[in-house]
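Below is one structure, written out as structure tokens; comments come after it.
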Amino acid sequence: MRLQMHAVHFTADQTLLDFIQRKLDKLDTFHDRIISGEVFLKLDGADTNKVKQKIMEVRLTIPGKELFVSQKDTTFESATDHIVDVLKDKLVRCKEKRNDFSSPVIAQAKTRMEAETAEVDLEDN
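Those letters in the sequence shown? Residues 661 to 785, by the numbering used here.
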């Protein structure tokens, strides 16, 4: 997956960026059509030099939808773990919804086709 990482008002360590990339790459196993992703790393309280919380935001683009998750935590690593769990659930739901053949429109089309097939069978006999 192609990820763009943005560290807002600070320079992120390469090991942190690699950690985030590795974790988010695992999301490809739950949805095979992830187009791209953006990661925003921010420090809460950076203006006052008293950084208490770290904010991580992730935006994933899949066909027809954009998923966004934000997490505030004490470390970027724990925020990453939480975000991966939430995104995994969202991706699974999107994939199930995409593959759901029990939607009302499909059910109506299916009953119409069955009715037409039954009419043709009656006419043949």
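Glycine is no exception: its CB is placed at the ideal position from the N, C-alpha and C atoms.
No experiment lies behind these values; they were computed from the predicted model shown.
query	result
First through last residue of the alpha helix (DSSP H) which encompasses T740	736-758
C-beta contact flag for M665 and D688 at 7 Å	no
Collapsed DSSP secondary structure at V711 in the structure displayed	coil
Best match in R753, K686, K712 for proximity to L727 [C-alpha to C-alpha]	R753
Boundaries (first-last residue) of the alpha helix (DSSP H) holding F679	674-685
Proximity to K714 [Cα-Cα], best of L720, L676, F690	L676
K770 classed as buried or exposed, judged by whether at least 16 other C-beta atoms fall within 10 angstroms	exposed
Identity of the residue in G705, G697, V668 nearest Q681 by Cα	G697
T689, DSSP secondary structure in three states	helix
Exposure of H691, with buried meaning 16 or more beta-carbon neighbours within 10 Å	buried
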